[in-house]
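Shown next, in structure tokens, is the structure this report addresses.
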Amino acid sequence: MPAAEIVGGGVAGLVASIQLAKRGWSVRLHERSDALRAGGNGLPIFENGLRILEALGLGDAIQKRGHQLNKWIIRLSSGQQTHEYEPFTATGGRIVMFQRQALVDPLAEAAAKAGVKIETGSRAVGAEREGVLHLEGGRRLEADLIVAADGIHSVVRKSVAGSLPLGKHRKGAIRLLIPIHPGDFPDGNDRVATEYNDPSGRRIGLLPCSSHTMYMILVALLSDPEALQMPIDPALWKATFPTLGRYIDRVGSSGHYDEYHSIFPPAWHYGKCVLIGDAAHGMTPALGQGANSAMMTAYSLGATDLLSGPLSDALTAWETKIRPLVHFTQKFAEGITEGRLDPKNDIFFSDPALRPLLSADIPNMHFDMPDFRALKLPLSNAV
Ligand SMILES: Cc1cc2nc3c(=O)[nH]c(=O)nc-3n(C[C@H](O)[C@H](O)[C@H](O)COP(=O)(O)OP(=O)(O)OC[C@H]3O[C@@H](n4cnc5c(N)ncnc54)[C@H](O)[C@@H]3O)c2cc1C
Numbered sequence: 072m073p074a075a076e077i078v079g080g081g082v083a084g085l086v087a088s089i090q091l092a093k094r095g096w097s098v099r100l101h102e103r104s105d106a107l108r109a110g111g112n113g114l115p116i117f118e119n120g121l122r123i124l125e126a127l128g129l130g131d132a133i134q135k136r137g138h139q140l141n142k143w144i145i146r147l148s149s150g151q152q153t154h155e156y157e158p159f160t161a162t163g164g165r166i167v168m169f170q171r172q173a174l175v176d177p178l179a180e181a182a183a184k185a186g187v188k189i190e191t192g193s194r195a196v197g198a199e200r201e202g203v204l205h206l207e208g209g210r211r212l213e214a215d216l217i218v219a220a221d222g223i224h225s226v227v228r229k230s231v232a233g234s235l236p237l238g239k240h241r242k243g244a245i246r247l248l249i250p251i252h253p254g255d256f257p258d259g260n261d262r263v264a265t266e267y268n269d270p271s272g273r274r275i276g277l278l279p280c281s282s283h284t285m286y287m288i289l290v291a292l293l294s295d296p297e298a299l300q301m302p303i304d305p306a307l308w309k310a311t312f313p314t315l316g317r318y319i320d321r322v323g324s325s326g327h328y329d330e331y332h333s334i335f336p337p338a339w340h341y342g343k344c345v346l347i348g349d350a351a352h353g354m355t356p357a358l359g360q361g362a363n364s365a366m367m368t369a370y371s372l373g374a375t376d377l378l379s380g381p382l383s384d385a386l387t388a389w390e391t392k393i394r395p396l397v398h399f400t401q402k403f404a405e406g407i408t409e410g411r412l413d414p415k416n417d418i419f420f421s422d423p424a425l426r427p428l429l430s431a432d433i434p435n436m437h438f439d440m441p442d443f444r445a446l447k448l449p450l451s452n453a454v
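Structure follows, in structure tokens:
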């Protein structure tokens, strides 16, 4: 039985582990934390990611643990509404909110059911292209395939591809979950995501993950460090977003701060080591596609026949097929982050030319490349 060692128990590592185990691999997954903990924030999963979850048999989890949105509203910082979208009309598919943990838990259950051996508290410190994984404490494991799913700061990538520069971008974000209070949705519809944009670059997103819990994201330029300090300064955020005091008051000392990074390695595979998820294609979160893309590369890798010929041929064919779609996603997200947001305060994903991406059918490897020429790009230089 071929053996795979997967590093990283995030969305990418879990999806790849399920697929490989289902295809007859003996799979061990290493997560450095002492549990598969996903952090306290939320994720919108678009049709491309939802199709993958369904193909993994997790349609039930979408229904029970996800929260399907029926409206996405864009407002100015004053509260004035500029746009309202129905997800299907805007993107050609569904948008379902998850608390991260509500996504990781069913994936971990499916992995265990598929026979994946999950080792928590197991930290990789390096790898060799010949198919060797080194763990903290001196353990040395040999495998037919080493999968680096250890995120944007991947140590496996560093071992096999060298020290590559991370793309640095001009924004940072504070993310957290807050409780939903009575009156947050005056018309009773709690399936509405709302974004508030200020010309200073400050932005607040409020996206319900359930009837009880809201994902809140506060974004600002790195050149606006007061806005990104932790814990947040409520007075500062309230001054910019005067209608959002009721939510800002719930932040307190919680929240997790991240700067935006991206990575474009020269290749996604090196000998018996392959990169997926953020380790391969970390991107700015402006398009909400990082985790969706991680699932796309993880699922498509796991669905590839890696055994009937030379491994490098199979990995090259896989990368050649899926990378252009993900590369497009990275570049488009970067474009938004660097400031080319529609001056009319329109939202990124409403561009019909993005539909081939947002509803890509990865389980059947059926998708078209979005046509750059058909996009509204180049967008304006507004923040
Ligand atoms: C501010 C911000 C907002 C975002 N918003 C969105 C969004 O709205 N929608 C979206 O789709 N994406 C979003 N993303 C991106 C998304 O979080 C990532 O693309 C996604 O989590 C990548 O999944 P992954 O499994 O590749 O990596 P990760 O989620 O980073 O998981 C990597 C795992 O590997 C483990 N690990 C790391 N190093 C080691 C090691 N040495 N040994 C063992 N284990 C290790 C980590 O503990 C972790 O569990 C956002 C990101 C940021 C920073």
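In terms of our numbering, the sequence shown is residues 72 to 454.
Each residue gets a CB set at the ideal place from its N, CA and C atoms; glycine is no exception.
Helix, strand or coil at residue i according to DSSP, with G and I counted as helix
i       : result
Glu-409 : coil
Asn-141 : coil
His-437 : strand
Val-454 : Low confidence applies here, because Val-454 scores a pLDDT of 36, under 50, leaving its location unreliable; read the following figure in that light. If DSSP states are grouped into helix, strand and coil, Val-454 belongs with coil.
Leu-289 : strand
Leu-372 : helix
Leu-358 : helix
Gln-172 : helix
Ser-148 : coil
Ser-333 : strand
Ile-319 : helix
Thr-162 : helix
Phe-403 : helix
Val-203 : strand
Asn-363 : helix
Val-231 : helix
Pro-250 : strand
Distance CB(residue i)-CB(residue j) smaller than 9 angstroms
i       : j       : result
Gly-110 : Gln-172 : yes
Glu-157 : Asn-141 : yes
Thr-408 : His-224 : no
Leu-446 : Phe-117 : no
Gln-360 : Ala-404 : yes
Leu-396 : Pro-441 : yes
Ala-388 : Ser-379 : no
Ala-351 : Asn-119 : no
Leu-178 : His-332 : no
Gln-139 : Ile-166 : yes
Arg-265 : Ile-144 : Sequence check: residue 265 is Thr here, not Arg. Yes; because the gap between Cβ atoms is below 9 angstroms, this pair is in contact.
Ile-123 : Met-366 : yes
Assigned exposure category for residue i - 16 Cβ within 10 Å defines buried
i       : result
Asp-349 : buried
Phe-420 : buried
Asp-422 : buried
Pro-296 : exposed
Glu-201 : exposed
Asn-260 : exposed
Ligand 1 heavy atom lying under 8 angstroms from the CB of residue i
i       : result
Asn-268 : no
Gly-406 : no
Val-218 : no
Ser-271 : no
Gln-300 : no
Glu-76  : no
Gly-101 : Residue identity differs from the one stated: residue 101 is His in this sequence, not Gly. For ligand 1, at least one heavy atom lies less than 8 angstroms from the Cβ of His-101.
Ile-223 : yes
Ile-275 : no
Ala-195 : yes
Gln-170 : no
Ser-324 : no
Ser-104 : yes
Ser-364 : yes
Pro-356 : yes
Arg-228 : no
Residue from the options with nearest C-alpha to residue i
i       : options                               : result
Tyr-267 : Thr-368, Leu-174, Thr-162 and Thr-311 : Thr-311
Leu-100 : His-154, Ala-232, Gly-202 and Arg-194 : Arg-194
Asp-105 : Asp-258, Asp-261, Ile-189 and Phe-335 : Ile-189
Pro-337 : Leu-372, Leu-235 and Leu-292          : Leu-235
Ser-242 : Pro-434, Gly-272, Ala-362 and Val-231 : Residue identity check: residue 242 is Lys in the sequence provided, not Ser. Here the closest residue by C-alpha is Gly-272.
Ser-371 : Ala-161, Phe-443, Ala-87 and Lys-135  : Ala-87
Ser-364 : Ile-144, Phe-399 and Asp-376          : Phe-399
Ala-362 : Gly-323, Phe-256, Ile-145 and Gln-170 : Gln-170
Met-168 : Gly-137, Ile-249, Ala-220 and Phe-256 : Gly-137
Val-196 : Val-175, Arg-103 and Ala-185          : Arg-103
Gly-323 : Asp-131, Gly-353 and Trp-308          : Trp-308
Val-187 : Ile-123, Phe-443 and Ser-97           : Ser-97
Tyr-318 : Val-218, Asn-435, Leu-346 and Pro-253 : Pro-253
Ala-182 : Ser-148, Lys-93 and Gln-300           : Lys-93
Glu-213 : Ile-89, Thr-314, Pro-73 and Pro-302   : Pro-73
Ser-383 : Ile-249, Lys-343, Lys-184 and Gly-353 : Lys-343
Lys-402 : Phe-443, Met-367 and Leu-377          : Phe-443
Leu-127 : Ala-161, Lys-184 and Leu-114          : Lys-184
Contact test: residue i Cβ vs ligand 3 heavy atom, cutoff 8 angstroms
i       : result
Tyr-331 : Among the ligands in the structure shown, ligand 3 does not appear; only ligand 1 can be found there.
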